[in-house]
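Asker: Below you'll find the structure I mean.
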Amino acid sequence: MSTEFAVAFVMGVGSIGPGLAIGMLVSKGLEAIGRNPEAAGKIQTNMILGIAFAEAIAIYALVVALILKFV
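Dropping the structure here:
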């Protein structure tokens, strides 16, 4: 029973940070595009790269949860 709690805890904690980070990245990226529309391409590229790095943390949490569940 404690394994299920550990898996739920890892996924819960491991998704809060990336979720907040992605929300802040998109918010600030859209704000920057609104201020300077000519730089939209550069801003969007950097924003997507940052989102990918933040999402990687959630994927690592998923891998740890799967290892806890099945090993």
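Here the sequence shown is numbered in the working numbering, starting from 12 and rising by one per residue. We put the beta carbon where it would ideally sit given N, CA and C, even for glycine. Quick caveat, the model's predicted, so the values are computed rather than measured.
1) Taking only three categories from DSSP, how would you classify Val82?
2) For Asn57, does the three-state DSSP call read helix, strand or coil?
3) Pull up the distance between the alpha-carbon of Arg46 and that of Gly25, whole angstroms please.
4) Taking only the alpha-carbon atoms, compute the straight-line gap between Asn57 and Ala19 and give it to the nearest angstrom.
5) Measure the C-alpha to C-alpha separation of Val74 and Glu66 and round it to an integer number of angstroms.
6) Since Leu19 is in the alpha helix (DSSP H), which residue starts that stretch and which ends it?
Answerer: Judging by the given coordinates:
1) To locate residue 82, count along the sequence shown from 1; it is residue 71. Reduced to three states, the DSSP call for Val82 is coil.
2) As a working note, residue 57 is residue 46 in the sequence shown. The answer is helix: DSSP assigns Asn57 an H, G or I state.
3) Along the sequence shown, read from residue 1 onward, the residue named residue 46 stands at position 35. Along the sequence shown, read from residue 1 onward, the residue named residue 25 stands at position 14. Answer to the nearest angstrom: the Cα atoms are 33 Å apart.
4) Taking the first residue of the sequence shown as position 1, residue 57 is located at position 46. Taking the first residue of the sequence shown as position 1, residue 19 is located at position 8. Cα-Cα distance, rounded: 32 Å.
5) Position 63 of the sequence shown, counting from 1, holds the residue named residue 74. Position 55 of the sequence shown, counting from 1, holds the residue named residue 66. The alpha-carbon atoms of Val74 and Glu66 are separated by roughly 13 Å.
6) As a first step, residue 19 must be located in the sequence shown, where it is residue number 8. Checking the sequence shown, residue 19 turns out to be Ala, not Leu. Run containing Ala19: 13 to 46, per the alpha helix (DSSP H) assignment.
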